[in-house]
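S.K.: Pasting a structure here, questions to come.
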Amino acid sequence: MVATAFRTAARWALDFALPPRCAGCGMIVGEVHSFCADCWRQIEFLGDSGCSTCGLPLQATDAVTCAVCLAKPPRIARTRAAVAYDELSRGLAIRFKYGRKVAIARTMARYMAPLVASSCNTVLVPVPLHRTRLWRRGFNQSALVAREISRRLNIAADPFVIRRVKRTPPLKGMSWLQRRKAVAGAFRVPNRSAVEGRTIILIDDVLTTGSTAEACARVLKRAGAARVELVSWARVVKPSQLMR
Ligand SMILES: [Zn+2]
Ligand SMILES: [Zn+2]
Numbered sequence: 062m063v064a065t066a067f068r069t070a071a072r073w074a075l076d077f078a079l080p081p082r083c084a085g086c087g088m089i090v091g092e093v094h095s096f097c098a099d100c101w102r103q104i105e106f107l108g109d110s111g112c113s114t115c116g117l118p119l120q121a122t123d124a125v126t127c128a129v130c131l132a133k134p135p136r137i138a139r140t141r142a143a144v145a146y147d148e149l150s151r152g153l154a155i156r157f158k159y160g161r162k163v164a165i166a167r168t169m170a171r172y173m174a175p176l177v178a179s180s181c182n183t184v185l186v187p188v189p190l191h192r193t194r195l196w197r198r199g200f201n202q203s204a205l206v207a208r209e210i211s212r213r214l215n216i217a218a219d220p221f222v223i224r225r226v227k228r229t230p231p232l233k234g235m236s237w238l239q240r241r242k243a244v245a246g247a248f249r250v251p252n253r254s255a256v257e258g259r260t261i262i263l264i265d266d267v268l269t270t271g272s273t274a275e276a277c278a279r280v281l282k283r284a285g286a287a288r289v290e291l292v293s294w295a296r297v298v299k300p301s302q303l304m305r
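The sequence shown begins at 62 in my numbering and counts up by one.
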């Protein structure tokens with residue numbers, strides 16, 4: 062236990078001592094929490110464009126909100142992602158889990174923070190891991206990112222608002238209905254007073270189908286949250302990968 066804590070601390074200290082590296086490919090760069098020129102060209106920044114609600118590209122006939130969101134307003138009132146999900150952003154998310162945690166959390170936070178619309182009643186809430194997964198990995202990457210965004214914007218972050226009470230299988234390859242079933246009952250809000258009347262901004266690393274975030278939003282709304290938003294690092298935006 063002590064040895065593990067020491068190793069973690071040593072690794073984190075090393076993160077600060079080493080020269081800044083490109084978050085995309087690991088090459089040494091001049092500026093901290095940035096990308097090298099090659100990776101910069103490759104990254105597709107999504108920013109604040111697209112539908113005002115779901116953030117997906119608008120059709121020529123849409124004004125600010127897409128037809129799908131107008132027809133049935135989603136539980137998550139605003140969804141944003143910093144970059145498109147591709148080899149580069151995927152590599153970064155993977156290295157985050159196994160490598161330079163603090164540095165990568167800060168890089169992600171740097172590009173996610175501008176997408177967070179904060180008000181005085183806002184709380185950043187990372188999408189939780191199940192405890193067995195948390196024990197195995199030792200940390201929740203989304204919680205680290207939420208903490209960094211919280212520092213940058215000076216708004217509250219609370220990793221204990223939602224608890225993951227059920228282990229869910231990988232959702233990849235499942236149909237919409239199967240995914241919905243798999244995440245049903247997976248989350249709990251143990252303390253209503255932490256969310257009642259507040260705007261909750263969910264923080265996640267990779268947004269694919271949105272079923273997980275949607276399940277979190279459901280329990281948050283049920284516990285009295287006034288509004289739920291979502292800001293993630295990367296998002297799958299290729300039409301072929303989107304199912305809605
Ligand atoms: Zn690079
Ligand atoms: Zn939309």
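Where a beta carbon is used, it is the ideal one built from N, C-alpha and C, also for glycine.
Within this structure, are the beta carbons of Ala117 and Val177 separated by less than 8 Å?
M.R.: According to the sequence as given, residue 117 is Leu; it is not Ala. Not closer than 8 Å, so no.
S.K.: Between which two residues does the alpha helix (DSSP H) harbouring Thr140 extend?
M.R.: No alpha helix (DSSP H) contains Thr140, which is instead part of the beta strand (DSSP E) from 139 to 145.
S.K.: If we ignore side chains and look at the alpha-carbon of each, how far apart do Ala98 and Pro135 end up?
M.R.: Whole-angstrom Cα-Cα distance: 37 Å.
S.K.: Could you check whether Ala217 and Leu263 sit closer than 8 Å to each other, using their CB atoms as the reference points?
M.R.: Not in contact: Leu263 and Ala217 (Cβ atoms no closer than 8 Å).
S.K.: Compute the minimum distance between the beta carbon of Leu117 and the heavy atoms of ligand 2, and state whether it is under 7 Å.
M.R.: For ligand 2, at least one heavy atom lies less than 7 Å from the Cβ of Leu117.
S.K.: Nearest by alpha-carbon distance to Ala170: which of Ser211, Val244, Met235 is it?
M.R.: The candidate whose alpha carbon is nearest that of Ala170 is Ser211.
S.K.: Less than 8 Å between the CB atoms is what I'm expecting for Arg249 and Val280, so what's the real figure, rounded?
M.R.: Between Val280 and Arg249 the Cβ distance is about 6 Å, and since that is below 8 Å, they are a contact.
S.K.: Over what stretch of residues does the alpha helix (DSSP H) that includes Asp266 continue unbroken?
M.R.: Run containing Asp266: none in the alpha helix (DSSP H); it sits in the beta strand (DSSP E), 260 to 268.
S.K.: Would Arg84 and Arg296 qualify as a contact pair, given that the criterion is a beta-carbon distance under 8 Å?
M.R.: Going by the sequence as given, residue 84 is Ala instead of Arg. Not a contact, by the Cβ cut-off of 8 Å.
S.K.: Beta-carbon within less than 6 Å of Ala121's beta-carbon, same chain only, minus the 5 sequence neighbours each way: which residues are those?
M.R.: Excluding sequence neighbours, Ala121 sits near nothing in its chain.
S.K.: Measure from the alpha carbon of Val292 to the alpha carbon of each residue in Val226, Ser203, Val298, then state which is nearest.
M.R.: If we check each option's Cα against that of Val292, Ser203 comes out closest.
S.K.: Within a Cβ cutoff of 6 Å, which residues of the same chain sit near Ser179, ignoring the five residues on either side of it in sequence?
M.R.: Cβ within range, chain order: Leu214, Ile216.
S.K.: Return yes when the Cβ of Ala247 is within less than 8 Å of the Cβ of Pro230, no when it is not.
M.R.: Not a contact, by the Cβ cut-off of 8 Å.
S.K.: What ranges does the beta strand (DSSP E) occupy inside the segment 161 to 211, keeping only unbroken runs of at least 3 residues that lie completely in it?
M.R.: Complete beta strand (DSSP E) runs here, min 3: 183 to 187.
S.K.: Can you give the beta carbon distance from Val144 to Phe106, rounded, assuming they're within the 8 Å contact cut?
M.R.: With 8 Å as the limit, Val144 and Phe106 qualify as a contact, their Cβ atoms being about 6 Å apart.
S.K.: Looking at Phe96 and ligand 1, is the gap between the Cβ and the nearest heavy atom below 7 Å?
M.R.: Phe96: yes, Cβ under 7 Å from ligand 1.
S.K.: Please classify Trp196: is it buried, with 16 or more other beta-carbons within 10 angstroms of its beta-carbon, or exposed?
M.R.: Answer is exposed; the Cβ neighbour count stays below 16.
S.K.: Which runs of the alpha helix (DSSP H) spanning at least 4 residues fall entirely within the segment 92 to 142, listed in chain order?
M.R.: Fully enclosed alpha helix (DSSP H) runs of 4 or longer: 98 to 103, 128 to 132.
S.K.: Is the beta carbon of Met173 within less than 7 Å of some heavy atom of ligand 1?
M.R.: No, since every heavy atom of ligand 1 falls outside the 7 Å radius drawn around the Cβ of Met173.
S.K.: Using the three-state DSSP reduction, which class does Phe221 fall into: helix, strand or coil?
M.R.: It is coil, neither helix nor strand.
S.K.: So what's Arg288 in DSSP terms, helix, strand or just coil?
M.R.: Of the three classes helix, strand and coil, the one that applies to Arg288 here is strand, per DSSP.
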